[in-house]
Structures are given as structure tokens and as C-alpha cells.
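Numbering (this note's numbering), first residue to last: 43 to 284. Idealized CB from N, CA, C, for every residue including glycine. The block underneath contains the structure these notes are about, expressed in C-alpha cells.
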């Protein structure tokens with residue numbers, strides 16, 4: 043199981059939102075490279091980066107900051123989401139060394155888009171499944187779709203995608219603890235590996251998730267708990283050696 047420190051970018055700054063609400067923003071740094079370096083110094087070799095402005099606007103906005111991180115730390119495994127809605131943007135990120143591309147709104151609104159991608163690109167796609175009040179959220183988590191979550195996951199099986207990121211938006215950024223029952227249900231249901239996100243508040247939350255690795259939980263994204271020093275990243279990484 044992999045631990046992914048999260049870097050959320052808004053106006054080129056590292057921030058965290060509460061429940062995905064763009065009106066509830068807390069800034070942690072003006073320098074994303076220094077934040078990445080801090081997580082590297084604590085042992086990570088992986089980053090989960092979201093372009094919040096991109097997610098809201100529908101096209102990449104903070105991509106140059108992301109490329110700068112990759113240039114400074116070329117060994118890092120980086121997965122990126124936010125505003126990636128066409129092949130050109132996918133290719134732009136891949137051409138700049140990004141390892142995995144996260145599709146959210148585009149996949150939910152037009153799942154067949156994935157079928158238009160070459161198989162080698164499909165393998166580098168992660169689909170974001172973000173749930174708010176039991177419904178799939180899109181457009182920077184500002185709108186709710188009518189899709190049934192499990193039906194959507196079943197429809198994903200026909201594509202050769204890498205993983206799913208599953209986020210409970212009502213827990214995201216709140217340091218309120220994971221929604222274990224929902225994550226367990228999704229992990230056991232999905233044939234696609236799942237990365238859990240939303241509400242991780244302590245090392246105990248991560249430990250609680252460990253048994254789900256045998257059912258297909260492949261990783262955990264940790265955000266605000268790191269920035270607020272509720273979790274020691276080195277300790278979390280050492281639980282899994284990754």
C-alpha cells in the first residue's frame with residue numbers, strides 16, 4: 043500500500059480546502075517546490091497533486107508549477123488531476139514526465155472518452171470517484187451527477203485503467219477521521235485497485251485501512267493531517283515501506 047502526500051495548488055500556492063469548498067481555503071505555502079522537498083526529506087517518493095484552479099475552470103492552470111516540481115525532483119512518482127479534459131492535456135502532462143493522469147469530470151460525463159485513448163495511455167489513467175451526500179461530484183466537486191457509484195465503477199471495468207481514487211468529500215480536509223465503512227464497501231466491491239482519500243486524521247486511520255490492502259486498497263492520500271502535523275509522514279511510510 044502506498045502513501046501519497048497531497049499537494050493542492052490554487053493560484054500557485056499550496057492550500058487545503060474544507061469539503062472541497064473553494065470559499066474555505068487555508069494557505070500553507072507560497073512555494074510548492076519547498077513543500078515537495080519537505081515531503082521528500084521525510085521519505086516519500088510519491089506525490090498526489092491537484093490543480094484546484096484547473097478542476098474548477100476545466101483546463102490546466104497550475105501545470106507549470108507541477109512541471110517545476112518534476113524538473114527539480116525527476117525521481118518522484120507524481121499523479122496529477124484537475125482540469126484534464128482532453129487528449130492534448132493528458133499528453134502534455136505525460137510529455138513532462140508525469141506518471142499518472144487523474145480524470146474526474148471528463149470520465150463521469152463522458153466515460154467513452156477513455157476508449158478513445160491508446161492502451162498505453164489508458165494504463166496511466168486514474169479515475170477520480172468523489173462522493174458527496176452519496177452522489178458522484180464533478181466540476182471541481184461543485185456539482186453532483188446522477189450516476190450510481192457502483193454502476194459507474196462496474197462500467198469502468200471495461201477499460202484498462204490504473205486505479206480509482208475514492209474520496210468522501212464530506213470528510214475531506216476536516217480531520218474528522220475516515221469513513222471506514224464506505225471505503226471498505228467500495229474496496230471490496232471494486233475489481234480496480236482503490237486509493238482512499240478524505241478525512242485521514244491520524245496514524246490510526248491509516249493502520250485501520252491496512253487490512254483492506256488484501257481486498258484491493260492500493261494506497262492512501264494524506265493531506266491536511268500532514269500540514270497540521272497530525273501525522274508523521276516517515277512513520278506512515280514505514281508502515282508499508284513505500
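CB-CB length for residue i against residue j, believed under 8 Å
i: residue 262; j: residue 45; result: 6 Å
i: residue 107; j: residue 51; result: 6 Å
i: residue 95; j: residue 53; result: 7 Å
i: residue 220; j: residue 247; result: 5 Å
i: residue 170; j: residue 207; result: 5 Å
i: residue 272; j: residue 244; result: 6 Å
i: residue 204; j: residue 173; result: The pair is not a contact, with the Cβ atoms about 20 Å apart (cut-off 8 Å).
i: residue 43; j: residue 222; result: Contact doesn't hold; Cβ gap of about 15 Å is too wide.
i: residue 277; j: residue 254; result: At roughly 19 Å, the Cβ-Cβ gap does not stay under 8 Å, so residue 277 and residue 254 are not in contact.
i: residue 144; j: residue 89; result: No, residue 144 and residue 89 are not in contact; Cβ-Cβ is about 12 Å, not under 8 Å.
Proximity winner among the options, relative to residue i (alpha-carbon distances)
i: residue 85; options: 47, 193, 175 and 157; result: 47
i: residue 100; options: 183, 73, 63 and 138; result: 183
i: residue 202; options: 134, 124, 242 and 155; result: 155
i: residue 126; options: 196, 146, 194 and 137; result: 146
i: residue 113; options: 246, 78 and 268; result: 78
i: residue 274; options: 60, 150 and 242; result: 242
i: residue 256; options: 164, 93 and 236; result: 236
i: residue 60; options: 259, 249 and 240; result: 240
i: residue 209; options: 176, 231 and 193; result: 176
i: residue 197; options: 157, 185, 226 and 227; result: 157
i: residue 280; options: 266, 258 and 252; result: 252
i: residue 56; options: 63, 62 and 73; result: 73
i: residue 162; options: 231, 264, 133 and 266; result: 133
i: residue 71; options: 266, 122 and 250; result: 266
i: residue 151; options: 187, 269 and 143; result: 187
i: residue 233; options: 62, 270 and 258; result: 258
Continuous alpha helix (DSSP H) stretch holding residue i: start and end
i: residue 188; result: From DSSP, residue 188 is part of no alpha helix (DSSP H); its letter is neither H nor E.
i: residue 109; result: 105–114
i: residue 99; result: 94–99
i: residue 83; result: 74–83
Range of the contiguous beta strand (DSSP E) that encloses residue i
i: residue 281; result: Unbroken run through residue 281: none, as it is neither H nor E.
i: residue 60; result: 55–60
i: residue 180; result: 177–180
i: residue 211; result: Counting along the chain, residue 211 falls outside any beta strand (DSSP E), and DSSP gives it neither H nor E.
i: residue 45; result: 44–52
i: residue 66; result: 63–71
Beta-carbon gap between residue i and residue j smaller than 8 Å
i: residue 102; j: residue 128; result: no
i: residue 211; j: residue 179; result: yes
i: residue 117; j: residue 164; result: no
i: residue 286; j: residue 58; result: Only positions 43 to 284 of the chain appear in the structure, and residue 286 is not among them; the question remains open.
i: residue 124; j: residue 149; result: no
i: residue 141; j: residue 111; result: no
i: residue 82; j: residue 122; result: no
Exercise for review: Entirely within the stretch 218–274 and at least 3 residues each: give me those beta strand (DSSP E) ranges in chain order.
Suggested key: List check, beta strand (DSSP E) in window: 236–239 and 259–264.
Exercise for review: Note down, one range per segment and in chain order, each beta strand (DSSP E) of at least 3 residues found wholly within the stretch 117–168.
Suggested key: Entirely contained in the stretch 117–168, the beta strand (DSSP E) runs reaching 3 residues are, in chain order, 119–123 and 142–145.
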